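Heads up: the sequence shown begins at 2 in our numbering, then just goes up one per residue.
Heads up: the structure comes next, in structure tokens.
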Amino acid sequence: MTQDNGDERDEQRPTISDPESLKALAHPLRLKLLRQLGTSGSATATTLAAALGQNTGTLSYHLRQLERGGFIEDDPAHTGGRERWWRTVRGLDVRMPADEGLTPAEQTVLSELERMRAEEDLALTRRFAVEGRSAEGWMRGSRSLSHLTREELNEFHDAYLELVRRFSRGPEEARPDTRPVALRWFGIPVDGPEEREGGDAASGEEVAEE
């Protein structure tokens, strides 16, 4: 599953961007369920409950909410049994809408979702800082600074999404030598509104650190 805050649409990929569906993600246990299904593959409520230390009834409720939101579905490879097997929706593109047009309640829910996502990102960043040098090539990162127009930033973002799709592989397609790897990209202006004079900056020199 790819989360994108951009504006472009890929008609070949299932996309979720409506606030009502995104509300299903604004719960920490549901985010854990999606992470577990994304890393370990399809599972039943019973196996997920054992992996996450929860009771089956609670997980079944949250799984149904994720299904209603369009994030998970029945696994066609497991049919006819007593329990449902769940998997993440393949190739799903999650789009966070702009605040314009949202109700105050929707803005609150989506802000909470972004906060939970940011906590996960911060935990990953801390791991990178502590373990990166001793990870035997399993942790890679880059820091850079460039002066970009808004159009160039969007172009960079679209190129990153194409790269993610090129290397996209779910747990069912994973080879024995692969590991689940979290990928992140953020482009954030380092100058605040009070520091800006004269609109968008032109492209300039880049300094990169790997």
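We put the CB at the ideal spot given by N, CA and C, even for glycine.
Source: prediction; values computed, not measured.
Pairwise C-alpha distance: residue j and residue i
i, j, result
"residue 86", "residue 162", "29 Å"
"residue 25", "residue 116", "15 Å"
"residue 53", "residue 101", "37 Å"
"residue 18", "residue 126", "27 Å"
"residue 81", "residue 72", "22 Å"
"residue 83", "residue 74", "16 Å"
"residue 60", "residue 99", "31 Å"
"residue 139", "residue 47", "31 Å"
"residue 88", "residue 31", "13 Å"
"residue 38", "residue 64", "11 Å"
"residue 97", "residue 177", "34 Å"
"residue 134", "residue 144", "15 Å"
"residue 55", "residue 45", "13 Å"
"residue 136", "residue 159", "29 Å"
"residue 110", "residue 69", "17 Å"
"residue 120", "residue 112", "12 Å"
"residue 103", "residue 66", "21 Å"
"residue 10", "residue 165", "Bear in mind that the predicted position of residue 10 carries a pLDDT of just 42, short of 50, making it too unreliable to give a figure here."
"residue 90", "residue 132", "31 Å"
"residue 175", "residue 57", "28 Å"
"residue 152", "residue 146", "16 Å"
"residue 62", "residue 128", "32 Å"
Three-state secondary structure (DSSP) of residue i
i, result
"residue 137", "coil"
"residue 94", "strand"
"residue 78", "coil"
"residue 59", "helix"
"residue 45", "coil"
"residue 88", "strand"
"residue 21", "helix"
Whether residue i touches residue j by CB criterion (8 Å)
i, j, result
"residue 29", "residue 107", "no"
"residue 49", "residue 34", "yes"
"residue 114", "residue 183", "no"
"residue 76", "residue 43", "yes"
"residue 16", "residue 172", "no"
"residue 168", "residue 188", "no"
"residue 14", "residue 92", "yes"
Nearest neighbour of residue i, chosen from the options [CA to CA]
i, options, result
"residue 130", "119, 121, 142 and 148", "142"
"residue 179", "187, 170, 185 and 186", "170"
"residue 148", "192, 173 and 120", "192"
"residue 186", "123, 136 and 45", "123"
"residue 155", "121, 111, 69 and 190", "190"
Cβ-heavy atom distance, residue i to the ligand ZN, below 7 Å
i, result
"residue 95", "Absence of the ligand ZN is noted for the structure shown, with no ligands found whatsoever."
Within the segment 101-181, note down every full alpha helix (DSSP H) run reaching 4 residues or more, in order along the chain. For the segment 101-181, whole alpha helix (DSSP H) runs of length 4 or above, ordered along the chain, are 105-132 and 151-167.
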